[in-house]
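A short write-up of the structure that comes next.
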DNA sequence: CCAATTTCAATTGCGTACGATTTAATTTAC
DNA sequence: GTAAATTAAATCGTACGCAATTGAAATTGG
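Residue numbers (the numbering used here), protein chains in the order written: chain A, 1 to 146; chain B, 1001 to 1146.
Printed below as a string of structure tokens:
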């Protein structure tokens, strides 16, 4: 039985999958009142950091292609979070911009998430450690996949 | 600016989401020749461990509801991996069983994954550490979500 | 300057995820 | 023994993810 090496990888992959789904479900509790999904929240996070980004720039940060972003952004436009307009300089690029609602809701949405996160009671040091180790794993996987 | 506490949670959630998607993409490379998806592979893993399980038992192990499993298992039945039959003792339960192909393919599928995993070159100690920390996080999140 | 290449967003198709509801079968309680 | 509660799978609807292709716009090379 020399399956031991990949058994560990199996367990870790499933563990990541599981943790990711649970974490997102946890976030959804805070986002549901706003009618936002987790991937939509990620778009808002990116735009709060820097508004007026072309679609492909958002895609690079979140690792989404246009096949995922185009319909997602249309939904966000319909709900009044963002606007979508062609760049005047380059008609291939679609510039994504926050609406007034998208900008001002930041405080309220953060507050809703903060309430949930505060209940989690995980040692911040454990968070930091997990985060650091994840970065290494992500870098390794990214290297394997190009 | 007291957003610091949730910024860490934001980063960790995204990091898990990212790692999970990359890890699954990595596994898909090995699974694609067999026409298997990662969630379908998880079902096979569970059945290789213990064959002839009812749908809800698989759901408990993988944290999937019947809304996810029913169509997934039908696809696996169509491709000849498993059979679906009602339990004679309890007509509500659907017993999932490996086909001959499902049973015997284990070696070949494991071999394909092993080849990919071996290229990863991650320190097994780091794996173990990540896994242990993930378990703690998962337990915490599960506790928060019931 | 203009044909070939590259870069974008959109589209197509398939397979999850998951909240919510429905329907059928079994248990439970009186 | 049967009505009520519970359990199980299936169904419905919405929203991702992502491989693959398409089509339009810009860039580049000769």
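Quick reminder that beta carbons are idealized off the backbone N, C-alpha and C, glycines included.
Candidates A:52, A:85, A:96, A:26: which alpha carbon is nearest residue 1140 (chain B)'s? For the residues A:52, A:85, A:96, A:26, the minimum Cα distance to residue 1140 (chain B) belongs to A:26.
Would you say residue 1117 (chain B) and residue 6 (chain A) are within 8 Å of each other, going by their C-beta atoms? Cβ atoms of residue 1117 (chain B) and residue 6 (chain A): closer than 8 Å.
Looking at chain A, is there any beta carbon in it that lies within less than 8 Å of the beta carbon of residue 1017 (chain B)? With 8 Å as the cut-off, residue 1017 (chain B) counts as an interface residue toward chain A.
First through last residue of the alpha helix (DSSP H) which encompasses residue 113 (chain A): For residue 113 (chain A), the enclosing alpha helix (DSSP H) covers residues 100-118.
So, is residue 1 (chain A) buried or exposed, given that buried needs 16 or more other C-beta atoms within 10 angstroms? Its pLDDT being 46, under 50, residue 1 (chain A) is placed unreliably in this model, and the value from its coordinates should be taken loosely. Its Cβ having fewer than 16 others within 10 Å, residue 1 (chain A) is exposed.
With distance defined between alpha-carbon atoms, name the residue in B:1052, B:1024, B:1092, B:1014 nearest to residue 972 (chain B). Nothing can be reported for residue 972 (chain B), as the shown portion of chain B is limited to 1001 through 1146.
With residue 1018 (chain B) and residue 63 (chain A) assumed to form a contact (beta carbons below 8 Å), what rounded beta-carbon distance in angstroms separates them? Indeed they touch by this definition, with Cβ atoms about 7 Å apart.
Could you check whether the Cβ of residue 1124 (chain B) sits closer than 8 Å to any Cβ belonging to chain A? The beta carbon of residue 1124 (chain B) sits closer than 8 Å to some beta carbon of chain A.
With distances taken from CA atoms, which of A:90, A:71, A:92, A:96 is nearest residue 83 (chain A)? Ranking the options by Cα distance to residue 83 (chain A), first place goes to A:96.
Quick one: what does DSSP say residue 18 (chain A) is sitting in, helix, strand or coil? Residue 18 (chain A): helix per DSSP, three-state reduction.
For residue 1084 (chain B): DSSP bridge partner residues: Note: residue 1084 (chain B) sits in a beta bridge opposite B:1096.
Who are the Cβ neighbours of residue 1035 (chain B) in its own chain at under 7 Å, not counting the five residues just before and after it? Within the same chain, Cβ atoms closer than 7 Å to the Cβ of residue 1035 (chain B) are found at 1079, the five residues on either side in sequence being excluded.
Cutoff 8 Å: residue 1140 (chain B) Cβ touching any chain A Cβ: Chain A contact via Cβ: present.
Which residue marks the beginning of the alpha helix (DSSP H) containing residue 37 (chain A), and which one marks its end? Here residue 37 (chain A) belongs to no alpha helix (DSSP H), and DSSP marks it neither H nor E.
Does the CB of residue 120 (chain A) have a neighbour CB from chain B at under 8 Å? Interface residue (Cβ-Cβ distance to chain B less than 8 Å): residue 120 (chain A) is classified as such.
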